[in-house]
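Residue numbers (our numbering), protein chains in the order written: chain A, 18 to 348; chain B, -15 to 510; chain C, 921 to 1103. Using N, Cα and C, we set each Cβ at its ideal position, and we do this for glycine too.
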Amino acid sequence: MRINRSWAAGVIVLAAASAAVTGCAKSSDASGDPGQVQIVVDTGPGGGSDVFAREIIKILQQTHLISGDWSVNNQSDGGGLGAMAYLRSHPGDNGLISFFTTKWIVAGLTTPNPPAQLSNLVPLASLVDEPEIIAVNAKSPYQNLTQFIGAAKKVAPNTYTSTGGEITSVEHLTELAIQKEEGVSWKYLSYAGSGPRIAALLNGSAQLMVGAPDDFEQFVQAGKLRVITTITPNRLKEFPNAPTLGSQSLQPSFLPSHLQFRGIAGAPGMSKATIKYYQNLFAKLVKTTAWKNYVASLSDTTIFETGSQLNNLIGTFTSEVKGILRYIPKQ
Amino acid sequence: MSALTHLGSGLEAALTLTNLVWVTAGVILGTVVGILPGLGSPAAVIAILLPLTISLPPATGLIFMAGLYHGSKFAGSTTAILLNIPTETSSIVLCLDGHPLAKRGRAGAAMGMSAISGFIASTVGVLALTFSAPVAARVALSFEPPEFTALMVFGLVLVIVMASESALKGFISMTIGLLLSTVGLDIFSNATRYTFGNVNLDNGIQFLTLSVGLFAVGEVLINIEKRYDTSIFKLPWGMRKLLPTKDDLKTCRAAIAIGSVVGFVIGAIPGGGSTIGSFISYNLVKSSSRNKSQFGKGAIEGVAGPEAANNSEVGGAMIPLLSLGLPGNASTAVMLGALLLYGLQPGPLLFTSHPAIVWPVIASLYLGNFMLLILNLPLIPLWVQILRIPYWILYSSILVLAVVGAYSIRDSVFDVWMLILFSALGYAIRKAKIPAAPLLMAFVLGSSFESNLRLSMILSHNNPLIFVERPISASILAVIVILLGASAFSRQRRRGSAQVDGQEAQTEVRPQVGPVGSAGEATERK
Amino acid sequence: MGDVMRRTDAIVGVVALVIGAYALKGALALGYYYNGAPGPGFFPRFLSLLLLLLGGAQLVQAVLSKSGKASRGDPEPDSTHADVAMAVQAPDGAHAGVAAAVAAPRKYLRVASVMAGWIVSVALLNRLGFLIAMVLLVFYLNVVVDGKRGWRPVAAAILMPGAIYYAFTRFLQIPLPAGLFGF
């Protein structure tokens, strides 16, 4: 008897609790605004894309462009593969977007049987183009990349060392393209984070490093590192003494014109109204002063494109990067 | 301004009422959130509460984070001691002696010792940081892949030495741990290893699923072979017995000293890793202790030593973080992210361009530890009451919380399945009398060992002599050889007298039969 | 105890050999050297060979040893927990071995039923949602496996997962699996 009564009590309480605790499905209202949004990034908390996403949420909230709750969802597996797979497995979720980088495109190309690719998602817009720059230790004799390559040609192959991320990273692909074009080769040390790479540069175990401007800025200001080349169409004002790659006649023919850019992609099956919503939202974002200041602080350039222009951007990168990928040694 | 003056003004700035309130709030929140198994690592706690901290002004936000850090570290020690759940790599070692202490009714003493030794070590760490930052930064930079490889070998050798009771099984455990560490995407070659095509394994096996499954749930499964109506822990009544005694403090003097120094040095090495600090400290304290045989069964020094190392490490880790922007471990990596969000770029200029923020942050890290001591020490008897919960409620809670912890790593049920797999593994290896610690330790050390080995080979053109040609790595290797020699020698001597002690060894396994160990230990029985 | 231990040790050896062999197969498929330096297969290859060696040694030791020697694995730091836990709850001081032999089939059944319940509840996480799945699990554990009766197990089954669910999803904003009901 006691069991029956407590059973009944339990079931009633449970039913009441379930009724009270109703979840909210992430559908959009008529204007396409999904309210609560999750941004999926491919790094853990504190990583590049994570910081980028949080900064953008901050700006969106400060400029009152959004009123809902936006959060960051870290899916750091496989350099973008995990993030893409996550979006692909949540189709129709209007509140799920991601900040992709060109790394995701490369991941899709270099993985046999990838669980998802960028083409499985809904590209919404591109945001920024991130320049890559090349730095050396301030104590080294090279003032520009031509000098470094010249020195590399005089010694046996693989005498010098550079450092960067994984072997399919933008840094390494850039270096690989330059090496193949110039007929030189040097060793490559892979480190997972930017910190150990800078340490390697500072203590001399590596002579060269390709990276983003804010990786190096403080060290250049402190006089510990020197930027010897920027891979940009024009000189960067943060590094006035660094020549561009093109001006040194070192631009490999198969180096993508936009090496590293960031954009937004949504979960597949997103409603047309929501797509429009995001595109309009971010179009407004890139016009705000806060955004412009942030982008300038990163030494990036805004490239806001949607629709067919965006598809062109992605498509061009994909075909261009295949040119370099064939040089990655097979296992 | 000299470093000491900076620290002084930093402390002064930190000691405002608002900051004190925030650091206290951080400590409390960090403890409460961190006590939930699966969230215990400071990195996870700080990451979760990041949106909250970002809405605060920089100095306050960072001070709040300092409180969170200490609160969650303390909570991590709590779950390790009370429930045998290592929530991050640095608390693995705490389970080895902390949990047995809890089972013998000395949970409060263990937790109290953890807080006290942590505070003392923190003091040492902050002072060492203040005075040695520039020098330490230069030494830290000279650690390149060969040095790290040697350090990892040292760690792995310690793992073997620790499992010396049954070497063969310890070795097997270690090898499996090392194999598990290779699972995932290899950044050098873009090859996937042992992932069976599953992208969820590309980042390797998640530490939390292995540690909670192997240690916590594995132990639960062993315990529930019997049915329990009450708690399985013997707890004394009375507040005074729930805290460390003066004898405990005296016994642990050397342990705290050793731990503080080791922790700071290891912390100052960028990428040194917090596991290895607490681990080396544990082994050093054990080998220099007078009650070696108690280690692994509930030696209070086995808690004091590693905890001291864990705390002075923070001071050490500040050096590469603030001077070079190099995070030493996951927690500092998250702090780095937070600094970036505040627009503070860690690097060589941070100390000079933003002294008004940096020094109060360092001061408040210390302050956080002090607040922790004041707030949590009296609460320890309260936390210990968790052990009074009847086991049939406790173990089901652990199973539920474990699911939460595993799922919340990255919103994936896959990790929960891995947790279940490793729980079964944990049960199986316990039944087979295979030690679990070498597996977990080797797993943690394995990837760092392998990548540094490969980096060294790239640097040296595959010349293995690089390890002996470089002074620091050669010295570390020399220490290893000496250690192995000493260990083998002492084992020979022990084996000679083992036949005589065989009978005594049998009775030591059941500690409720009277007090065991040296005079310093007061065992309480109800 | 000695013979059981020997058999367990032998099984350990065999399992190690099997894992080692499988790992070796995977390692050989990976590049030993890559780009002029040790490659992805380098470390796994040595490890699997080592495991094969160790497994073989363990098997040999188990088969060849006399009964007493094989159980020397006992006073280890980690498995002390198991011995302590069992000894602590044997108030009559009975030797752990005797009690274990008597309870052997029942204890494995208990562990198996707990694991089974756990596995089923996790399999249902995405269908029933975290809250319902865990409430059912705890209810199952308390009432079916542990045989508790009365209001206490039911209350625990509802309140504990409920409190955890509330704390994580509402207070900490950490998503937990939502089922077909939306929560």
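Looking at the strands, I want to know which residues DSSP matches up with residue i.
i       : result
F117(A) : G280(A)
G181(A) : S207(A)
W87(A)  : V54(A)
L13(A)  : Missing from the structure shown is residue 13(A); chain A here goes from 18 to 348 and no further.
Y954(C) : A957(C)
V244(A) : A152(A)
T261(A) : T247(A)
For residue i, collect the residues of the same chain with a Cβ closer than 6 Å to its Cβ; drop the 5 residues on either side in sequence, then sort them by chain order.
i        : result
Y177(A)  : A169, W203, Q224
G52(A)   : G85
I320(A)  : S143, D146
A458(B)  : V452
F1103(C) : G1049
L169(B)  : T176, D186
N154(A)  : L218
If you follow the beta strand (DSSP E) that residue i is part of, which residue opens it and which one closes it?
i       : result
D231(A) : Note, D231(A): premise wrong, no beta strand (DSSP E); alpha helix (DSSP H) at 230 to 238.
A142(A) : 139 to 147
I320(A) : 318 to 322
For residue i, collect the residues of the same chain with a Cβ closer than 7 Å to its Cβ; drop the 5 residues on either side in sequence, then sort them by chain order.
i       : result
G92(B)  : L226, L227, I364, P365, V368
S75(B)  : G60, S61, A64
G40(A)  : Because G40(A) carries a pLDDT of 35, less than 50, the predicted location of this residue cannot be relied on, and no value is offered for it.
I240(B) : S101, I104, A105, A288, A292
V11(B)  : G51, H54, G55, G352, M355, L356, L359
S444(B) : I450
Y178(B) : T166, V167
N436(B) : P129, F132, T133, M136
G95(A)  : A124
I393(B) : Q190, L192, D399
A120(B) : A252, I303
At which residues does the alpha helix (DSSP H) containing residue i begin and terminate?
i        : result
P130(B)  : 129 to 146
V1055(C) : 1045 to 1059
F115(B)  : 91 to 125
V201(A)  : Segment: none, V201(A) is in no alpha helix (DSSP H) and carries neither H nor E.
L967(C)  : 962 to 984
D67(A)   : 65 to 79
F165(A)  : 162 to 171
D923(C)  : 922 to 949
C79(B)   : 76 to 87
L40(B)   : First-last for L40(B): undefined, no H or E at that position.
R105(A)  : 98 to 105
N310(A)  : 306 to 314
I1084(C) : 1071 to 1085
S435(B)  : 421 to 443
A290(A)  : 289 to 302
Using C-beta distances below 8 Å, list every residue in its chain close to residue i, excluding the 5 sequence neighbours before and after it, in chain order.
i         : result
S215(B)   : L371, R372, I373, P374, Y375, L378
L(-12)(B) : T114, F115
Comparing the C-beta of residue i with each C-beta of chain D, is any distance below 8 Å?
i        : result
R1069(C) : Among the chains of the structure shown, chain D does not appear; the protein chains present are A, B and C.
Please name the residues in the segment 88 to 121 of chain A whose beta-carbon is closer than 8 Å to at least one beta-carbon of chain B, in chain order.
Residues passing the 8 Å Cβ filter: S88, N90, N91, Q92, S93, D94, G95, G96, L98, G99, A102, Y103.
Of all the residues that make up the segment 171 to 185 of chain A, which are near chain C by a beta-carbon distance shorter than 9 Å?
N175, I184
Enumerate, from N- to C-terminal direction, the unbroken beta strand (DSSP E) stretches of 3 or more residues contained entirely within the segment 241 to 294 of chain B.
none
Which ranges does the alpha helix (DSSP H) cover as unbroken runs of at least 4 residues, wholly within the segment 356 to 404 of chain B, from first to last along the chain?
If only complete runs of 4 or more residues are kept, the segment 356 to 404 of chain B shows the alpha helix (DSSP H) at 375 to 391, in order along the chain.
Taking only runs that begin and end inside the segment 143 to 191 of chain B, name each unbroken alpha helix (DSSP H) of 4 or more residues, in chain order.
If we require 4 residues or more, the alpha helix (DSSP H) runs fully inside the segment 143 to 191 of chain B come out as 151 to 165.
Residues of the segment 326 to 346 of chain A in Cβ contact with chain C at a cutoff of 7 Å, in chain order, please.
P346
Quick one, which residues of the segment 1073 to 1096 of chain C are near chain B if we go by CB-CB under 7 Å, in chain order?
A1076, M1080, P1081, I1084, F1088, L1092, I1094, P1095, L1096
Along the segment 177 to 198 of chain B, where does the CB come closer than 7 Å to a CB of chain A? Name the residues.
G181, V183, N184, D186, N187
Interface residues of the segment 30 to 64 of chain B facing chain C [CB-CB below 9 Å]:
I32, L33, P35
In chain order, what residues of the segment 192 to 219 of chain A put their CB closer than 9 Å to some CB of chain B?
Correct list: K204, Y205, L206, S207, Y208, A209, G210, S211, G212, P213, I215, A216, A217, L219.
With 9 Å as the limit, tell me which residues of the segment 951 to 980 of chain C have their beta carbon closer than that to any beta carbon of chain A; keep them in chain order.
G951, Y954, N955, G956, A957, G959, P960, G961
Interface residues of the segment 397 to 428 of chain B facing chain C [CB-CB below 8 Å]:
V397, V400, W401, I404, S407, A408, Y411, R414, K415, A416, K417, I418, P419, A420, A421
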